[in-house]
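If you're matching them up, the sequences are chains P and D in order.
Oh and the first sequence: position 170 is 216 in our numbering, straight run, nothing missing.
Oh and the second sequence: position 41 is 1328 in our numbering, straight run, nothing missing.
Below: one structure, written as structure tokens.
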Amino acid sequence: MLKVVSKEVLGARLPKNIRALCVATHSQKFRTSEDKPSYHSSSNSAQYYKIPQDIRNQLFAHGGIPKSYNIQTKSFAETCLMVREPSLDIINCIKSIDYSKPVNRFVLYGKKGSGKSLALAHVVHYGLETGHLILHVPWVGQWMRYCKEYSNSELKPGNVDINLDAANWLVHFKTQNAHVLSNADLVIGQDYVWSKREKTQKGAHILELIEHGISRVKYASSCVLGLCMEIKELSKKGKCKTMVAIDGYNGFFYPKTRVYTEKKEMVPPSKVTVTEGFLEVTKFDWNNAVCVLTVDEIASAKEDQLSHMPKYLLGKEGFEHLDPFIPVAVNEYTDKEFTSCMEYYRERKWVQPAPGQDEELSFLSGSNPYKLMQICAGL
Amino acid sequence: MLRKFNARLLQLSNNAACTQLVSKLPLCTSAPIEDANKKVVSKAMKAYLERAKEHDEFMAQKNLEFQIGKRHLANMMGENPETFTQEDVDNAISYLFPSGLFEKKARPLMKPPEEVFPQRKAAEFDLMGRPHHFLFYTGKPNFYKLLYDIVERVNECNRYEDAMNRKSIQRDPNLVLEMSGYQWLDKDALEKQCVEGINDKEYNNFKDAMERLTKLPYSYKVKDFIMEYSRPLMMQTKTHDVPELQYDKDGKAFITTYECLRKRARADVTVSSPGTGKITINGEGINYFDDIHCREQLLFPLIFTNLHKNVDVVANVEGGGPAGQAGAIRWGIAWSLRSFVDQEIVEKMRIAGLLTRDYRIRERKKPGQAGARKKFTWKKR
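Given below as structure tokens:
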């Protein structure tokens, strides 16, 4: 209590830059006051940074932070992410990328619960900060394995639409990119004829396409497909810088889905309309963009979760589609990261301090971040 | 009131009769009694003699059969019947009649008849039917004799104490009977020793009397007597010899324990030191076990000995489920860690139950029942 009061007093009297300094020196080792990912460096490694509430609402209101972590952030009354090596590496690489060259594809891979999605969230935050247009899919498995609804496509015979999910994603896209979409240069390069009466004309702003998908849910899937194509074209022309961030990318190549035709036949992902759009934006044949993908065992069915390696998860087709890509391993906590995490939990009064606690928990969790979170969480 | 009075009268007359008898006794001494000995054999004695004879014949018969059987057995096993010992007999029986029965007493056996048939008391009275033992009419002469002896010892100690007090000699405080590591003979053993049935109340009386005797300041004087009726508590079990450490090429100390078992799981565990607390199970890390309680099983011996940062563990395990496998590895780790810690901690580990093998296995389902013990829902018809 005393601490909080003193901080407030500090905040009231001192100028902003000095205040930041004070907070930095006062704050603990496991925290950094630097909340801009572009300023994160290896000195911040294993430190937590707080995502401001407004940015969090903009980026992750419709997914992007795994559910269990989300619950924890609610308990902690703040959204903190740990700055870890994989995301730092990717951010450093993106900083030095030549955007005129073909797209670089980063693939995050690692065992279950090692923090791939949160690394992706960190990178997405960086993308927002640096003004990228963010094409972020929070979880492909949501579409392929837990889709809300499916119907045969009218515009593309033989394909299957997942319109409700697609419309949700369009809303997600719109809120995430509110800062970029105000740019008047983003115009559509071709006519889209939806039906006899409805059409979106060439030269209209890209928001019209999105709004159409949201208001006419029937065409949402096709809108997503069109949107991906348009963004690709716009990036090629240099109208925008794009960051493609897809979590559970291997879901697009895993043959067993839970999407069915009206005859209840299983549909392979290639026959789901939205897939085509996202495969298109993960090709190398465009520029002014960067792709950050994760491959995750959980995107495939339980019986096929044999390995966490990209080659296995993507399969031959997916691997060839992405080749060449930059694999980035996400490993278990190092000792430093583990201590930092425990310090954070203790600061949040989430665990009772006890002697020998860290070693025991480190052993029990195998330093796996998700397992540690589970062990420390309440019953 | 009247009845009481009558009873009193009767008592008085009885007493009078007794005194009369006693006064008469010395007059009619030896001669008539000897005559009686020759002629009169009491009915009880007669019955006893018959029973004794029968028993002796029976035992002789059984003994003969046993000897013949033993010789046959020795011939069957191709050994010399003359040197065939009881141990050989037991081995031969367990070889010829292998039995999976859990209860050892229920397995086939071949023992000398003296061990198989319960022993009987010898005659307790003479031909006249007069008991030898002065406590015969208590029904349990040996047991009450024991209590009597205890009181004798108590008195003896008290007398000695008085004598010492009179001489005002201080007791040597070092000479105290230490009974903390001992317990009294249990009821069954006492029954066997007295050859008499004893009920719980009587057994408690025995214990109380012994306690009282040992509490006396000079009870060490009757130590032999007390020790006769006490047994040492479970002695510090000699844990099997701790194996010597082995050293690999890099000079790393290691111990491998084979045949670690729990339920259906079998494991072999190698613990090596110095290490960093790394655990490898079938080539995987601790993630081999999904459940947290299985992981805790492995951690327990390491935390207990405070070596979790100093040793590496490599385990190969197969069979059974996760809980069994974890238990098997836990035992293997604890068993191997004995070589890395001192005797005191080994003893602590033993008391904590880390070195005890858990031989329990799943009990089979029984026909006519829902499970091993569970019955089907009972329905009248």
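In this text, a Cβ means the ideal position worked out from N, Cα and C, and glycines have one as well.
Keep in mind it's a predicted model, so treat the numbers as computed, not measured.
Taken in chain order, the members of the segment 1560-1576 of chain D whose beta-carbon sits within less than 9 Å of a beta-carbon on chain P are G1564, I1566, G1572, I1573 and N1574. Neighbours of L418 of chain P across chain D, judged by C-beta separation under 8 Å, do not exist; the nearest C-beta is about 11 Å away.
Taken in chain order, no unbroken stretch of beta strand (DSSP E) lies wholly in the segment 263-291 of chain P with a span of 3 residues or more. Between the alpha carbons of M1364 of chain D and R1644 of chain D lies a gap of roughly 35 Å.
With a threshold of 16 other beta carbon atoms within 10 Å, S268 of chain P meets it and is buried.
V169 of chain P has its alpha-carbon roughly 23 Å from the corresponding atom of M275 of chain P. It is roughly 54 Å from the alpha-carbon of H1419 of chain D to the alpha-carbon of A1639 of chain D. The Cβ of I1590 of chain D sits closer than 9 Å to at least one Cβ of chain P.
Listed in chain order, the non-local C-beta contacts of G159 of chain P below 7 Å within the same chain comprise N414, P415, Y416 and K417, local neighbours out to five positions each way being set aside. Q1584 of chain D and Y300 of chain P have their C-alpha atoms spaced approximately 37 Å apart. Taking the Cα positions, A1659 of chain D is about 9 Å away from R1649 of chain D. Beta-bridge analysis with DSSP links P1418 of chain D to D:F1412.
Counting every other CB atom within 10 Å of its CB across the protein chains shown gives S1381 of chain D a total below 16, marking it as exposed.
In the DSSP assignment, S1560 of chain D falls within the beta strand (DSSP E) that extends over A1552 to S1560. When rounded, the separation of the alpha-carbon atoms in L1642 of chain D and A1621 of chain D is 6 Å. At a beta-carbon threshold of 7 Å, none of the residues of chain D lie near E343 of chain P; the nearest stands roughly 13 Å away.
Under the Cβ criterion of 9 Å, E1583 of chain D is counted among the residues facing chain P. Between Y1469 of chain D and the set D:T1664, D:I1513 and D:P1368, the nearest pair of CA atoms involves D:I1513.
L1477 of chain D does not reach chain P, its nearest Cβ partner there being about 50 Å away, counting only Cβ pairs nearer than 9 Å. Taking a beta-carbon distance threshold of 9 Å, N214 of chain P does not count as an interface residue toward chain D. Taking CB atoms only, I1632 of chain D has no neighbour in chain P less than 9 Å away. For T385 of chain P, the enclosing alpha helix (DSSP H) stretches over residues D381 to E393. Per DSSP, reduced to three states, the secondary structure at P1368 of chain D is helical.
Bounds of the beta strand (DSSP E) holding D1599 of chain D are D1599 to E1605. Short of 7 Å from the beta carbon of L325 of chain P, and not among the five residues preceding or following it, lie these beta carbons of its own chain, in chain order: F298 and H367. The beta-carbon of E405 of chain P is placed less than 9 Å from the nearest beta-carbon of chain D.
Of the residues assessed, Y1431 of chain D falls on the buried side of the cut-off, its CB having 16 or more other CB atoms within 10 angstroms. Flagged as an interface residue toward chain P: K1596 of chain D, by a C-beta distance shorter than 9 Å. Interface annotation for the segment 343-364 of chain P against chain D: empty, criterion Cβ-Cβ distance under 9 Å. In this structure, DSSP gives C422 of chain P a helical state, which the three-state scheme calls helix. Distances from the alpha-carbon of L1472 of chain D to those of D:G1538, D:R1458 and D:L1433 put D:L1433 closest.
At a Cβ-Cβ threshold of 9 Å, V305 of chain P and V313 of chain P count as neighbours.
Where Y1505 of chain D is concerned, there is no enclosing beta strand (DSSP E), because DSSP gives it neither an H nor an E. Comparing alpha-carbon positions, the option among P:T340, P:D369, P:L154 and P:S408 lying closest to K1596 of chain D turns out to be P:S408.
Rounded to the nearest angstrom, the gap between the Cα atoms of E406 of chain P and D1377 of chain D is 51 Å. DSSP places E1478 of chain D within a helical segment (H, G or I) once states are collapsed to three.
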